[in-house]
Structure formats: C-alpha cells, structure tokens
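**Student:** Per full-length UniProt numbering, residue 7 is the first one in the sequence shown, and the count goes up by one each step.
Quick one: structure below, then a few questions.
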Amino acid sequence: VVILGIETSCDETSAAVLFNGTDLKSHVISSQVKTHQKYGGVVPEIASREHCLHLGEVVGQALREAGIGFSDLSAIAVTYGPGLVGSLLVGVAGAKAMAYAAGIPLIAVNHLEGHIYANFIERQEIVFPMMALLVSGGHTNLILFRGHLDYEVLGGTRDDAAGEALDKIARALGFGYPGGPLIEKAALQGDPCAYELPRAMLEPGSLDFSFSGMKSAALNILNKAKMKKEPVDVNHLAASFQQAAIDVLVRKSIRALDRYEVRTFALAGGVAANSLLRKSMGSELSARNIPLIFPSPVFCTDNGAMIAMAGYFHFLAGDYANWKLNAVPGLNL
Ligand code: ATP
Ligand code: MG
Ligand code: FE
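Put into structure tokens, the structure is as follows:
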C-alpha cells in the first residue's frame, strides 16, 4: 500500500509518501513561517496563495524522492479540516484532481487525528488502550483510543488552546511568532516560581481545560508593570507561564489516568515538542509504569507524514472520500 499524504491546513505545505504504513519514503515541508513572521501571525489570504504556489512542487518532490510516480500510488490522503478554509481548499482541490486523474481513491483525514497518528511514524507497535494528550496551536484534548480510529474525546479546552496561549504570551513579551519554542528557550534562563499564575482545574472531575485565566493574569502582570514603568523579567515570566500551562496539562492527564486504565500514553501536536512537558509527563508516567510516547519534533508540528499515516488506516478500513469532499474548517475529533 502506497499512500501520498497532503497537508495544507495552516502555513505548512507538506507532502509525504508512506509505504505499507511503516516506511516513510519521503517527506517534504515547505514552511511559510518567514512570510508570516513580519505580521506576527498567519495571514489566511497569503497562506492560501502560498499553498497554490507550492503544492505542485512539494508533491512532485515527494514523489521523486520516493522514486515513484502517480501510477504507483494506492491512494491520496488529504487534510480536510480543521484549519483555515482557504488553505484547506487548496489541498483538498489539489488532492481531488490528482486522485481523479490517477484513478485512485481519495482519503479525507482529520488533521487532529493526523497529529495523534504522528506517533506511529517512528514506531510500529502501539499497545491499546492508549490515552492521547493533543496539544496544538488550536486544540487541547484528552482522548482515549481503544483501537485504531476507535476513540472517545474525554475533554477539551473551554477557551484558549495551550499553544494559542503560549503564542499570545510570547507575542506580548515581544518574542515573535511562533511563540512556543521561543517561550521554551527564554524559560531556560528564568525562574518558574518567579510569578504566581493561576492553574484552572475547573469542577472536580472535569477533564476540560481552561488557559484564559493564566493568560489574563500574565498579561495583567505585563500591563501593570508598564503602567508603573517597572521592568518585567521576561525570562521569569516565560518560565512561570510555561510551568503553569504544563502543570495543568499534567494534572489533568493524571486525573484522566486515575479514571481509565491505559497501556500507552501519547503526546501529540506542536506543544508536544516542548521538553519540559515531555519530562514532566515522563516522570509521572514512569511512576505509574505507563510508557510515554511522542513524535520527533518535526512530526509534532504540521506535516504530511502524519496525514499519510492516518490515511493509511482509513485506507485499510476502506474509508474513502467521494469527489464532493469539501473543506471543513471547524471539524472536530
Ligand atoms: P491545530 O493543529 O490545532 O489546528 P496548528 O496546526 O497551528 O493548530 P501545531 O502545528 O500542531 O498547531 O502546533 C503549533 C503550536 O505548537 C504553536 O502554538 C507553537 O507555539 C507550539 N509549539 C511548537 N513548538 C513548541 C515548543 N517547543 N514548546 C511549546 N510550544 C511549542
Ligand atoms: Mg504551523
Ligand atoms: Fe496542527
């Protein structure tokens, strides 16, 4: 089985070729980060234009590096949501055209499933049940997997996503975009206890998340200091904010683990690249004898390989999309 995976949901144009769900033959990512950086965030209209310009060459390069042509493909898997509608449409329309011309099935992949399936790229054997903590730019979810593509969402954020909150604080601190990695770097020079920030745990037993309280508290610290013309140690604030966000992620995960017995715990999404999160989850899980898995950083953020991987399992299930497939910007798990 040879799957071409295509991802264009945000600001990365990416394509990958995956053999038999195990062998990643090629993986090309054309990032627009530099284009959007000067605006401090992704500009949707520019993003979709960039996808139009690059999709053809990215797919071409992925096929070349894999040493195959369209006629060797079993199917084309594409992200159809969630994401920016204009960006998604470029991938969906492109994938449809390629699959139709090649006479092969089209597979619609939920980007969030893709993030979780990134965990399967570098390891074959996953023992279910598996709990996943998806922490990306737009989503924060705890999900219970009983088997492949058989899952239940246990909780989600009621306001900001963890990555979104990190990005907003980074911006307020003057770090730029994307903020998560810059917060992580600054935090290395800061004291995580320097500033006291609230950690919202919500009602007893709730597996939902809320990051807007700690975000407002951090912004208030900045604003008050500005008014009083007092300096703020940005490294201390970055470290304190990162610690507060990770404390909530870890404590909520433990709350879920107390309720459901699982044999694997997976981190997924861009924030899963964070080393403090990996370390903190790792020590909690090793105390419970549950193996922690996470993708390499390149597979944590948006990429076509994860779409090919999720697409492979949909292909095995015979779950093909039809030619009327549309982008669904607000798609959920
Ligand atoms: P979604 O997948 O929810 O639609 P997205 O595709 O924009 O959103 P991802 O690409 O999964 O999100 O992740 C991007 C997010 O990950 C950004 O918020 C970024 O700041 C964050 N991030 C990336 N690296 C790190 C890191 N090392 N530490 C913390 N956060 C990080
Ligand atoms: Mg991105
Ligand atoms: Fe993403």
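Quick reminder that beta carbons are idealized off the backbone N, C-alpha and C, glycines included.
Locate the alpha helix (DSSP H) running through G310, then write down its first and last residues.
**Tutor:** The sequence position of residue 310 within the sequence shown is 304, counting from 1. Unbroken alpha helix (DSSP H) run through G310: 310–322.
**Student:** Give the straight-line distance between the Cα atoms of L213 and V48, rounded to the nearest whole angstrom.
**Tutor:** Counting from one through the sequence shown, the residue named residue 213 turns up at place 207. Counting from one through the sequence shown, the residue named residue 48 turns up at place 42. If you take the alpha carbons of L213 and V48, they lie about 30 Å apart.
**Student:** Tell me the DSSP secondary structure of R129 in three-state form.
**Tutor:** On the sequence shown, position 123 is the one that residue 129 refers to. The answer is coil: DSSP assigns R129 none of H, G, I, E or B.
**Student:** Who are the near neighbours of T28 in its chain, counting only those whose CB is closer than 7 Å to its CB and skipping five residues on each side?
**Tutor:** What you label residue 28 is simply residue 22 of the sequence shown in a count that begins at 1. Hits under 7 Å: Q130.
**Student:** Select from N147, E158, C199, K285 the residue whose C-alpha is nearest the C-alpha of F217.
**Tutor:** One-based indexing of the sequence shown puts residue 217 at position 211. Of the listed residues, the one whose Cα sits closest to F217 is N147.
**Student:** Measuring CB to CB, does A224 end up less than 8 Å from A193?
**Tutor:** Reading the sequence shown from its first residue, position 218 is the one you call residue 224. Reading the sequence shown from its first residue, position 187 is the one you call residue 193. Taking 8 Å as the Cβ cut-off, A224 and A193 do not qualify as a contacting pair.
**Student:** Closer than 8 Å by C-beta to G87: which residues in its own chain qualify, once you throw out the five before and the five after it? Chain order, please.
**Tutor:** Taking the sequence shown and counting its residues from 1, one reaches residue 87 at position 81. Contacts found: S15, L94, N116, H117, A333, V334, P335, G336, L337.
**Student:** How many Å lie between L228 and L140 at the Cα?
**Tutor:** Walking along the sequence shown from the start, residue 228 turns up at place 222. Walking along the sequence shown from the start, residue 140 turns up at place 134. Approximately 29 Å, taken between the alpha carbons.
**Student:** Have a look at I299, Y326, F271, V238 and flag the residue whose alpha-carbon is nearest the alpha-carbon of M136.
**Tutor:** Numbered from its first residue, the sequence shown carries residue 136 at position 130. Ranking I299, Y326, F271, V238 by Cα distance to M136 puts F271 first.
**Student:** Taking DSSP as the reference, what is the three-state secondary structure of E202?
**Tutor:** In the sequence shown, counting from the first residue as 1, residue 202 sits at position 196. Note: E202 maps to coil in three-state DSSP.
**Student:** What first and last residue would you give for the beta strand (DSSP E) that runs through L148?
**Tutor:** Here the question's residue 148 lines up with position 142 in the sequence shown. That run of the beta strand (DSSP E) goes 146–153.
**Student:** Can you determine whether any heavy atom of the ligand FE sits closer than 7 Å to the C-beta of D308, and answer yes or no?
**Tutor:** Taking the first residue of the sequence shown as 1, we reach residue 308 at position 302. Answer for D308: yes, Cβ within range of the ligand FE.
**Student:** To which residues does DSSP link A81 through a beta bridge?
**Tutor:** Taking the sequence shown and counting its residues from 1, one reaches residue 81 at position 75. Bridge partners of A81: I9.
**Student:** What whole-angstrom Cβ distance do S20 and I9 have, given they're in contact under 8 Å?
**Tutor:** Numbered from its first residue, the sequence shown carries residue 20 at position 14. Numbered from its first residue, the sequence shown carries residue 9 at position 3. That pair is no contact at about 14 Å.
**Student:** Based on Cα-Cα distance, which residue from N241, V240, N226 lies nearest to K234?
**Tutor:** As a position in the sequence shown, residue 234 is number 228, starting the count at 1. Closest option to K234, Cα to Cα, is N226.
**Student:** For V304, does the count of other Cβ atoms within 10 angstroms reach 16, so buried, or fall short, so exposed?
**Tutor:** Taking the first residue of the sequence shown as position 1, residue 304 is located at position 298. Under this definition V304 is an exposed residue.
**Student:** State the Cα-Cα distance for the pair E170 and G143, rounded to the nearest angstrom.
**Tutor:** As a working mapping, residue 170 is identified with position 164 in the sequence shown. As a working mapping, residue 143 is identified with position 137 in the sequence shown. Cα to Cα, the separation comes out at about 5 Å.
**Student:** If I measure Cβ to Cβ from E202 and keep anything under 8 Å in the same chain, skipping five residues before and after, which residues do I get?
**Tutor:** Taking the sequence shown and counting its residues from 1, the one referred to as residue 202 is at position 196. S246.
**Student:** Is the region 246–259 touching the region 280–296, taking contact as three or more C-beta pairs under 8 Å?
**Tutor:** The region 246–259 is in contact with the region 280–296.
**Student:** Check this for me: beta carbons of V23 and A101, under 8 Å apart or not?
**Tutor:** Walking along the sequence shown from the start, residue 23 turns up at place 17. Walking along the sequence shown from the start, residue 101 turns up at place 95. No, Cβ-Cβ distance for V23 and A101 is not below 8 Å.
**Student:** With distance defined between alpha-carbon atoms, name the residue in T41, V268, R177, I132 nearest to A53.
**Tutor:** Position 47 of the sequence shown holds residue 53. Of the listed residues, the one whose Cα sits closest to A53 is T41.
**Student:** Just to check, is the beta-carbon of N147 closer than 7 Å to a non-hydrogen atom of the ligand ATP?
**Tutor:** For this step, residue 147 is matched to residue 141 along the sequence shown. Checking the Cβ of N147 against the ligand ATP gives no.
**Student:** In whole angstroms, give me the CA-to-CA distance for E290 and A176.
**Tutor:** Translated into the one-based positions of the sequence shown, residue 290 becomes position 284. Translated into the one-based positions of the sequence shown, residue 176 becomes position 170. Straight-line Cα distance between these residues: approximately 27 Å.
**Student:** Could you tell me whether the Cβ atoms of L273 and F300 are closer together than 8 Å?
**Tutor:** On the sequence shown, position 267 is the one that residue 273 refers to. On the sequence shown, position 294 is the one that residue 300 refers to. The answer is yes: Cβ separation under 8 Å.
**Student:** If I follow the unbroken beta strand (DSSP E) through S37, where does it start and stop?
**Tutor:** Looking up residue 37 in the sequence shown gives position 31. Element bounds for S37: 29–37.
**Student:** Tell me whether G288 sits in a helix, a strand or coil according to DSSP, three-state version.
**Tutor:** Position 282 of the sequence shown, counted from the start, is the residue given in the question as residue 288. In the structure shown, G288 sits in a helix (DSSP, three-state: H, G or I).
**Student:** What is the DSSP secondary structure of V141, reduced to helix, strand or coil?
**Tutor:** On the sequence shown, position 135 is the one that residue 141 refers to. It is a strand residue.
**Student:** Would G113 and A81 be called neighbours here (beta carbons separated by less than 8 Å)?
**Tutor:** Taking the first residue of the sequence shown as position 1, residue 113 is located at position 107. Taking the first residue of the sequence shown as position 1, residue 81 is located at position 75. The residue asked about is misnamed: residue 113 is Ile in this sequence, not Gly. Yes, the Cβ-Cβ distance between I113 and A81 is below 8 Å.
**Student:** Taking buried to mean at least 16 other C-beta atoms within 10 Å of its own C-beta, is Q43 buried or exposed?
**Tutor:** Stepping through the sequence shown from its first residue, residue 43 is reached at position 37. Result: exposed.
**Student:** Counting only the same chain and skipping the five closest in sequence on each side, list residues whose C-beta sits under 8 Å from that of A314.
**Tutor:** For the purposes of this step, residue 314 is identified with residue 308 of the sequence shown, where counting begins at 1. Hits under 8 Å: I9, L10, G11, A22, V23, L24, L30, A83.
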